[in-house]
Amino acid sequence: MSSSNPNSYVKFSETSALPAVGVPVSSSNPYFSQPAHHHDNFNSHMPAAPPYHLHPTAPEPWKSGIFDCFSDPQSCCITLCCPCITFGQIAEIVDKGSTSCGVSGAIYAVIAYMTGCACIYSCFYRSKLRHQYSLDESPCGDCLVHCFCEPCALCQEYRELQSRGFNMAIGWHGNMDGRNREMAMASIPPMMEGGMSRQ
Numbered sequence: 001m002s003s004s005n006p007n008s009y010v011k012f013s014e015t016s017a018l019p020a021v022g023v024p025v026s027s028s029n030p031y032f033s034q035p036a037h038h039h040d041n042f043n044s045h046m047p048a049a050p051p052y053h054l055h056p057t058a059p060e061p062w063k064s065g066i067f068d069c070f071s072d073p074q075s076c077c078i079t080l081c082c083p084c085i086t087f088g089q090i091a092e093i094v095d096k097g098s099t100s101c102g103v104s105g106a107i108y109a110v111i112a113y114m115t116g117c118a119c120i121y122s123c124f125y126r127s128k129l130r131h132q133y134s135l136d137e138s139p140c141g142d143c144l145v146h147c148f149c150e151p152c153a154l155c156q157e158y159r160e161l162q163s164r165g166f167n168m169a170i171g172w173h174g175n176m177d178g179r180n181r182e183m184a185m186a187s188i189p190p191m192m193e194g195g196m197s198r199q
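Note that the UniProt record's numbering gives residue 11 to position 11 of the sequence shown, counting from 1, and the numbers run on in steps of one.
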């Protein structure tokens, strides 16, 4: 039966709430259990993260000394004649390809030409290299090494990256392409002797 009051429908729709969905908190459902403790803070519902302590690894020594320049005479001569080339190669590998060898070398050359002291730029890359491979800050601070012995520092960094498997002549992308190819070839199973069996 319909109500005689025309406003009853309007009043009902204004005061009514949306229908409830889900299991009510005070449900007598045997499969529903309330949490043992009620917390007012929302964050307290999250499980506490276990304490995480960073243990710094002991710094490694460099693979070669600062004055072992003549162990690689070719890079030594290039660095003495044109240090921007060696620096560009180092910077490209340390920056993981985000800057090219040419751009980094050009910036180095401009700073050297304008100020005569390119070590203010190259010392940051020594710090970056040391942090990437957890190397000793030796024989002294990075800025001092580059300030007083720039060619030797660049040669040492060049040899360090070479000893870690980088081909400095092909840059970051060439090294990564080569390593990806090696990984892909390693994942292919070797062919059986005598070729494929014929059916």
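In this text, a Cβ means the ideal position worked out from N, Cα and C, and glycines have one as well.
These figures come from a predicted structure and were not determined experimentally.
Select from the options the residue whose C-alpha is nearest the C-alpha of residue i.
i, options, result
"C143", "T99, A58, Y121, A106", "Y121"
"G65", "V145, A112, A169", "V145"
"F166", "C81, F67, I90, V110", "I90"
"R164", "V94, L80, I85, F67", "V94"
Report the three-state DSSP secondary structure of residue i (helix, strand or coil).
i, result
"E137", "coil"
From residue i to residue j, what does the alpha carbon distance come to, in whole angstroms?
i, j, result
"C69", "M183", "33 Å"
"I78", "T57", "34 Å"
"P139", "L154", "14 Å"
"E92", "G174", "11 Å"
"S104", "S127", "16 Å"
"W62", "M185", "32 Å"
"I111", "I188", "48 Å"
Is it buried or exposed, residue i, if we count other Cβ atoms within 10 angstroms and call 16 or more buried?
i, result
"residue 200", "A query on residue 200 cannot be resolved here, the shown segment of the chain reaching from 1 to 199 and no further."
"P83", "buried"
"G88", "buried"
"Y108", "buried"
"Y113", "exposed"
Measure how close the beta-carbons of residue i and residue j come, nearest whole angstrom, since I'm counting them as under 8 Å.
i, j, result
"S75", "Y158", "5 Å"
"L135", "P59", "6 Å"
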